[in-house]
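What follows is one structure encoded as structure tokens, with my remarks underneath.
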Amino acid sequence: MNVYRKVLLVQLIMFSVFFVMGGYTIVEHFLRADYPWINFILLGLLLGAGIYGFQMYRKKDDRVCVITQKEVSLIRYLLYGYFLFYVLEIILPSVVPSIDRNILAITVGIILMGIATYGIILQLRILKVK
Numbered sequence: 105m106n107v108y109r110k111v112l113l114v115q116l117i118m119f120s121v122f123f124v125m126g127g128y129t130i131v132e133h134f135l136r137a138d139y140p141w142i143n144f145i146l147l148g149l150l151l152g153a154g155i156y157g158f159q160m161y162r163k164k165d166d167r168v169c170v171i172t173q174k175e176v177s178l179i180r181y182l183l184y185g186y187f188l189f190y191v192l193e194i195i196l197p198s199v200v201p202s203i204d205r206n207i208l209a210i211t212v213g214i215i216l217m218g219i220a221t222y223g224i225i226l227q228l229r230i231l232k233v234k
């Protein structure tokens, strides 16, 4: 399957933002009470990455990369997994009130960062090889 290279670069930016969001899940849980402005840092990073990704996508770049169906499926499963764990981290404390929120924040943050890291490595491998 042929995919524009700029689409893969935008996906790379997206997985990088996902990595930051996974780290933010951990940091925000422990520092929110002391530093209420920490939410604005993530918002600034998300806006910056969004603007950068949009500008990158708007560039004239007609180079095409070949991507296999296996890689497309793997990217899809990574996105589904990230979404699942992110939603679990939001919903689980209200469903199970006795859950330790510290352990939950650390565990989910590490899992989100792991998924994002694998996505970054996959995107770099696709961009490098193809």
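In this note's numbering, the protein residues as written are 105 to 234.
Cβ coordinates follow ideal geometry from the N, Cα and C atoms, glycine included.
Keep in mind it's a predicted model, so treat the numbers as computed, not measured.
Item to check | Cβ neighbour criterion (16 or more within 10 Å) applied to Leu116 | outcome: Leu116 comes out buried.
Next on the checklist: Using only CA atoms, which one of Leu112, Thr129, Gly154 and Leu182 lies nearest to Ile210?
Outcome noted: That would be Thr129, whose Cα lies nearest to the Cα of Ile210.
Checklist entry - Leaving out the 5 sequence neighbours to the left and right, which residues in its chain are closer than 8 Å to Met160 when beta-carbon positions are compared? => result Lys110, Leu113, Val114 and Ile117
Checklist entry - Sorry if obvious, but does the Cβ on Val200 come closer than 7 Å to a heavy atom of the ligand COA? => result Among the components of this structure there are no ligands whatsoever, and the ligand COA is therefore not found.
Next on the checklist: Along the chain, where does the beta strand (DSSP E) containing Tyr108 start, and where does it finish?
Outcome noted: Per DSSP, Tyr108 belongs to the beta strand (DSSP E) from Asn106 to Tyr108.
Item to check | Three-state secondary structure (DSSP) of Val168 | outcome: When secondary structure is reduced to three states using DSSP, Val168 falls in the strand class.
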